Ligand SMILES: C[S@@+](CC[C@H](N)C(=O)[O-])C[C@H]1O[C@@H](n2cnc3c(N)ncnc32)[C@H](O)[C@@H]1O
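Numbering (my numbering), first residue to last: 357 to 598.
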């Protein structure tokens, strides 16, 4: 997979691409990552990328020409162009899966007051990290790249993300590692039993319990199979009794 980030601040990504799993994915050739500074596409001698808003008001708006010329230079028929904007659809794990299957992902990072509206005619998708406003798209691009890269085939073992939160519409079950006891807190006995079926069932139940407590909205959006319905009824009964 190829990822191109169009940004005024390529140096933001130096640490990102030279650390941990992202670095390994790039070194192994699973990901080709590059940043393109769209200031390089300016045509005036002062290399302006922004100008004051038409109609007046505070701040500076990113101009069409450098950004659109940059896009024309980097996009191919296999590219998906994603604008990072608080006005886009919210990025979810399902979006990460969708993007991980793309040949060439182009991410456009805004800054200042954001993009001239006409740039939107040149993008395929608009994504937001959530209902808040960042100073620039670089942090959003890094979050999206991180979530996408770990899903690309061969970057990490698929078993490592199959049980992750949101993969099956639930939060992940509680995880423990050694020591078995720490400061009076013990790992649940069932996880030490070696009984795979009982462990699977316990994990499913605790995954449902966590989701019920922390993200009940996820349960409302998901249909439950018979086993899950029974486990949820058990949880509700246990909690009524306590
Ligand atoms: C200060 S923001 C501009 C916000 C714009 N004036 C608005 O109200 O919609 C500058 C840039 O940061 C990025 N950005 C800000 N918040 C974001 C979010 N929640 N998700 C993704 N990108 C965001 C976008 O690229 C945006 O163009």
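Note that CB positions come from ideal geometry on N, CA and C, so glycine has one too. A quick note: this is a predicted structure, and the numbers were derived from the prediction, not measured.
Residue i (DSSP reduced to helix, strand or coil)
i           : result
residue 513 : coil
residue 447 : coil
residue 498 : helix
residue 404 : coil
residue 488 : coil
residue 474 : helix
residue 430 : helix
residue 417 : strand
residue 508 : coil
residue 519 : coil
residue 383 : helix
residue 578 : coil
residue 376 : helix
residue 573 : helix
residue 587 : helix
residue 531 : coil
Strand pairing of residue i, partner residues [DSSP]
i           : result
residue 363 : 393
residue 481 : 438
residue 358 : 388, 460
residue 542 : 537
Nonlocal neighbours in the same chain, by C-beta distance under 7 Å from residue i, ignoring five residues either side
i           : result
residue 554 : 546
residue 486 : 446
residue 393 : 363, 364, 366
residue 567 : 526, 527, 574, 575
residue 543 : 532, 536
Integer Cβ distance of residue i from residue j, believed to fall under 8 Å
i           : j           : result
residue 462 : residue 362 : 7 Å
residue 377 : residue 511 : 7 Å
residue 464 : residue 437 : 7 Å
residue 388 : residue 422 : Between residue 422 and residue 388 the Cβ distance is about 23 Å, and since that is not below 8 Å, they are no contact.
residue 468 : residue 411 : Residue 468 to residue 411, Cβ: 16 Å. No contact.
Cβ-heavy atom distance, residue i to ligand 1, below 7 Å
i           : result
residue 413 : no
residue 384 : no
residue 485 : yes
residue 488 : yes
residue 469 : yes
residue 440 : yes
residue 496 : yes
residue 362 : no
residue 408 : no
residue 525 : no
residue 465 : yes
residue 445 : no
residue 492 : yes
Cut-off 6 Å between Cβ atoms - residues of its own chain near residue i, not counting five sequence neighbours on either side
i           : result
residue 646 : In this structure the chain extends from 357 to 598, so residue 646 is not present and cannot be described.
residue 482 : 439, 441, 444
residue 456 : 504, 507, 508
residue 427 : 478
residue 369 : 391
residue 534 : none
residue 639 : Nothing about residue 639 can be read from this structure; the chain reaches only from 357 to 598.
Cutoff 8 Å; reference residue i; Cβ partners in own chain excluding five residues on either side
i           : result
residue 452 : 500, 503, 504, 507
residue 571 : 527
residue 584 : 560, 564
residue 466 : 418, 439, 440, 441, 492, 493
residue 448 : 522
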